Amino acid sequence: KKVCFILDGYDEYVGTNHQQSLIDSIVDCISFPGSIVAITSRPIGTTFFLRNKVHKKVEILGLAKAERDDCISQVLSDAEKVRLEGYLIRQPIINSYCYVPLYLIILLHLFVHG
Numbered sequence: 113k114k115v116c117f118i119l120d121g122y123d124e125y126v127g128t129n130h131q132q133s134l135i136d137s138i139v140d141c142i143s144f145p146g147s148i149v150a151i152t153s154r155p156i157g158t159t160f161f162l163r164n165k166v167h168k169k170v171e172i173l174g175l176a177k178a179e180r181d182d183c184i185s186q187v188l189s190d191a192e193k194v195r196l197e198g199y200l201i202r203q204p205i206i207n208s209y210c211y212v213p214l215y216l217i218i219l220l221h222l223f224v225h226g
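Residue numbers for the sequence shown follow our numbering, beginning at 113 and rising by one.
What follows is the structure, given as structure tokens:
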């Protein structure tokens, strides 16, 4: 029989070394050979935390980049857009949230109104 593990929010996981090694042994299918492991993570998680461990990657985005950029253009001036893009380059996790419409609205509101 196979076991399916679903690990939600892997990039947010913080634990002791023992807990992390247990999670890693599940992800690497060492503890349960032949098991299936499904992991949810923000895009940044697959880049940093799950390197070389991903067999199939599916990315679900609320907005395409063009749609995100169009929303930003409707709210910000050209100078503000340049400033925001610089910020998002320095903050990749926040940038990953900008593809979810509600988070983008919140970010733009905070950016404009502080």
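In this text, a Cβ means the ideal position worked out from N, Cα and C, and glycines have one as well.
All of these numbers come straight from a predicted model, not from anything done at the bench.
query, result
"Taking all protein chains shown into account, decide if L196 is buried (16 or more other Cβ within 10 angstroms of its Cβ) or exposed.", "buried"
"Among all the DSSP beta bridges, which residues are the ones paired with L119?", "I151"
"Can you check which of these residues, Y209, S143, I138, R180, is closest to P155 by C-alpha distance?", "Y209"
"Might you give, ordered along the chain, the residues of its own chain that have their beta carbon closer than 8 Å to the beta carbon of G121, omitting 5 neighbours on each side?", "T152, S153"
"Quick check: the segment 174-186 against the segment 203-219, are there 3 or more CB pairs under 8 Å?", "yes"
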